[in-house]
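S.K.:
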Amino acid sequence: MIILKSPQEIDRMRAASRVVAEILEELREMVKPGVSTLELNRHAEQALRARKAQPAFKGYHGYPAVLCTSVNEEVVHGIPSPRRVLREGDIIGLDFGAVCDGYFGDAAVTVGVGGITPEAERLIQATEEALYLAIAKAVPGNRLSDVSLAVQYHVEACGYSVVREFVGHGIGRSLHEPPQVPNFGTFGHGVQLVPGMVLAIEPMVNAGGPEVEILSDGWTAVTRDRSLSAHFEHSVAITEDGPVILTCR
Ligand code: MF3
Ligand code: CO
Numbered sequence: 004m005i006i007l008k009s010p011q012e013i014d015r016m017r018a019a020s021r022v023v024a025e026i027l028e029e030l031r032e033m034v035k036p037g038v039s040t041l042e043l044n045r046h047a048e049q050a051l052r053a054r055k056a057q058p059a060f061k062g063y064h065g066y067p068a069v070l071c072t073s074v075n076e077e078v079v080h081g082i083p084s085p086r087r088v089l090r091e092g093d094i095i096g097l098d099f100g101a102v103c104d105g106y107f108g109d110a111a112v113t114v115g116v117g118g119i120t121p122e123a124e125r126l127i128q129a130t131e132e133a134l135y136l137a138i139a140k141a142v143p144g145n146r147l148s149d150v151s152l153a154v155q156y157h158v159e160a161c162g163y164s165v166v167r168e169f170v171g172h173g174i175g176r177s178l179h180e181p182p183q184v185p186n187f188g189t190f191g192h193g194v195q196l197v198p199g200m201v202l203a204i205e206p207m208v209n210a211g212g213p214e215v216e217i218l219s220d221g222w223t224a225v226t227r228d229r230s231l232s233a234h235f236e237h238s239v240a241i242t243e244d245g246p247v248i249l250t251c252r
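So for the sequence shown, the working numbering puts the first residue at 4; every next one is plus one.
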């Protein structure tokens, strides 16, 4: 059952989403050669505390951190570590969630560490473009597959592949609510979108093949061919006036 949100609830959801956007921006500025992924997590934790917000990920199915830091061939759910020190040329996915007043916000960006290769730059750009193309389809009357196919079409036209094992999701008083929001689909499928739905749309894009595997830490998803992977995410409300990105400042 998809839980629809009233305009008042969507306003309340902005609070958590804004916290997520603000902290992601701070983290993005911290990303430099020599910084460890644990330092990023620590900053995120302090920044949440300063805003009297709660982490959305810590403790979720036992996840041990407030932030996911996924470097290079890591697709999603990389666990921050003092041993993972960023190097020039890396790319890092920062996936972050917060809870304010019982409502969740969830967003992700992928950024380069110092100078990166043109190939890495293109992958990041294509993934972000896919997210915005998908958001543009998040309008009343469209189907969920219009959102999913917007991602898949753009990603595959760029010569990349979409990850199938992980999907976007509804979001509200829980981090994950129905419906699932895949990054691939079949035309004319899925529920019709109506005002009040709030979706976390999150393309995960591999430079090589679509297959992923999970490392022995039980969390970190990596590309099976160890090609680079990028991830962007916004929490988006569907309204009469079109899509509203909640995870912005
Ligand atoms: N953005 C991811 C998601 O929506 C982050 C979840 S990480 C977890 O699933 F640790 F909370 F699982
Ligand atoms: Co998400």
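Ideal placement from N, C-alpha and C gives every residue a C-beta, glycine not left out.
Hey, would you say Ala203 sits closer than 8 Å to His172, going by beta carbons?
M.R.: The sequence position of residue 203 within the sequence shown is 200, counting from 1. The sequence position of residue 172 within the sequence shown is 169, counting from 1. Yes; because the gap between Cβ atoms is below 8 Å, this pair is in contact.
S.K.: Count the other CB atoms within 10 Å of the CB of Met16; is the residue buried (16 or more) or exposed (fewer)?
M.R.: Taking the sequence shown and counting its residues from 1, the one referred to as residue 16 is at position 13. Counting Cβ neighbours within 10 Å, Met16 comes out buried, since at least 16 surround it.
S.K.: Mind checking whether Val170 and Gln183 have CB atoms under 8 Å apart?
M.R.: Within the sequence shown, residue 170 is the residue found at index 167, counting from 1. Within the sequence shown, residue 183 is the residue found at index 180, counting from 1. Contact: yes.
S.K.: Have a look at Ala137 and Ile13 and give me their C-alpha separation to the nearest angstrom.
M.R.: Sequence index remark: in the sequence shown, residue 137 carries index 134 (1-based). Sequence index remark: in the sequence shown, residue 13 carries index 10 (1-based). Approximately 20 Å between the Cα atoms of the pair.
S.K.: If I'm right that Arg294 touches Gly191 with Cβ under 8 Å, what's the distance once you round it to whole angstroms?
M.R.: The requested residue 294 does not occur in the structure, where the chain is confined to residues 4 to 252.
S.K.: Just checking my contact of Arg31 with Val114 at CB under 8 Å: how many whole Å lie between their CB atoms?
M.R.: Your numbering for residue 31 matches position 28 in the sequence shown. Your numbering for residue 114 matches position 111 in the sequence shown. About 5 Å separates the two Cβ atoms, so the contact holds.
S.K.: Using 7 Å as the cut-off, classify the Cβ of Glu77 as near or not near the heavy atoms of the ligand MF3, replying yes or no.
M.R.: As a working mapping, residue 77 is identified with position 74 in the sequence shown. The answer is no for Glu77.
S.K.: Would you say Asp220 reaches chain D, if we count a Cβ-Cβ gap shorter than 8 Å as a contact?
M.R.: Chain labels in this structure do not include chain D; a single protein chain is all it has.
S.K.: Let me know the secondary structure DSSP gives Met16 once reduced to three states.
M.R.: In the sequence shown, counting from the first residue as 1, residue 16 sits at position 13. Met16: helix per DSSP, three-state reduction.
S.K.: Could you check the C-alpha separation between Val74 and Arg21 for me, to the nearest Å?
M.R.: Taking the sequence shown and counting its residues from 1, the one referred to as residue 74 is at position 71. Taking the sequence shown and counting its residues from 1, the one referred to as residue 21 is at position 18. If you take the alpha carbons of Val74 and Arg21, they lie about 25 Å apart.
S.K.: Please classify Pro67 as buried or exposed, where buried requires at least 16 other C-beta atoms within 10 Å of its C-beta.
M.R.: Working through the sequence shown from its first residue, we reach residue 67 at position 64. By the neighbour-count rule (16 or more Cβ atoms within 10 Å), Pro67 is not buried but exposed.
S.K.: Below 8 Å between beta carbons: does that hold for Gln155 and Gly188?
M.R.: Position 152 of the sequence shown, counting from 1, holds the residue named residue 155. Position 185 of the sequence shown, counting from 1, holds the residue named residue 188. Yes, they are a contact pair.
S.K.: Could you check whether the Cβ of Gly171 sits closer than 7 Å to any heavy atom belonging to the ligand CO?
M.R.: One-based indexing of the sequence shown puts residue 171 at position 168. At least one heavy atom of the ligand CO is nearer than 7 Å to the Cβ of Gly171, so yes.
S.K.: Three-state secondary structure (DSSP) at His172?
M.R.: Here residue 172 corresponds to residue number 169 of the sequence shown, with the count starting at 1. It is a strand residue.
S.K.: Candidates Gly96, Gly100, Glu25: which alpha carbon is nearest Val116's?
M.R.: Residue mapping note: residue 116 aligns to position 113 of the sequence shown, counting from 1. Of the candidates Gly96, Gly100, Glu25, the one whose C-alpha sits nearest the C-alpha of Val116 is Gly96.
S.K.: Under the criterion of a Cβ to heavy atom distance below 7 Å, does Glu180 qualify as lining the ligand CO?
M.R.: What you label residue 180 is simply residue 177 of the sequence shown in a count that begins at 1. No.
S.K.: Where does the unbroken beta strand (DSSP E) through Thr72 begin, and where does it stop?
M.R.: Translated into the one-based positions of the sequence shown, residue 72 becomes position 69. From DSSP, the beta strand (DSSP E) with Thr72 extends over 70-74.
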